[in-house]
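This report refers to the structure that appears directly beneath it.
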Amino acid sequence: MKSTPQANIDALNTVLSQTFRLYVQTHGYHWNVEGHNFRQLHEVFEAQYQNLWGALDEIAERLRIQGTYAPGTVADLMSKAGPEDAPAQSAEEMVAKLIAGHDALADTLRGAITTAGEAGDEVSVGLLTDRLEWHEKELWMMKAGTR
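Here the sequence shown is numbered in my numbering, starting from 1 and rising by one per residue.
In structure tokens form, the structure reads like this:
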């Protein structure tokens, strides 16, 4: 196995950490959403957090395949994820904050795809591109519901 550039490992760690943060945020919103769109948003948030949860394992396993360890503690993940957002109180604010979270992660994914491509890591490019596709679709759907 060839050596993986540190920039590629760092990019995967950032994607993993930001995915974890968005997972926790989305799951919390699933638990706490209220209002006239409760059932719809409760189901949307559940589908999102389940997808994010599955992605965590895929990304962490990709790090292991690269020959490095994935972050093993919440503190380690959060230190690489960036600042945590203040909790939202209303359903509208929850959706707005999730739009911002998916947007930020999509930007991170675009950079990570470039980094993986430069490293010749086609498998990570594929994984990250699939993740970007999912986030862009979720963004489209959430933004369409706010118009």
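All C-beta atoms in this analysis are idealised placements derived from N, C-alpha and C, irrespective of residue type, glycine included.
> Count the other CB atoms within 10 Å of the CB of His-36; is the residue buried (16 or more) or exposed (fewer)?
Replying inline: Exposed, by the Cβ-count rule.
> What do you reckon, is the C-beta of Lys-97 under 6 angstroms from a heavy atom of the ligand FAD?
Replying inline: The ligand FAD is not part of this structure, which contains no ligands at all.
> Do you know how far the Cα of Glu-93 is from the Cα of Ala-86?
Replying inline: 11 angstroms
> If we cut at 7 angstroms on Cβ distances, does Arg-131 have a partner in chain C?
Replying inline: Within the model displayed, chain C is absent; a lone protein chain is all it includes.
> DSSP state of Ala-88, grouped into three classes?
Replying inline: DSSP, read as helix, strand or coil, puts Ala-88 in coil.
>> Looking only at its chain, what residues have a beta carbon closer than 7 angstroms to the beta carbon of Ala-81, apart from the 5 residues adjacent to it on each side?
In response: Ser-17, Gln-18, Phe-20 and Arg-21
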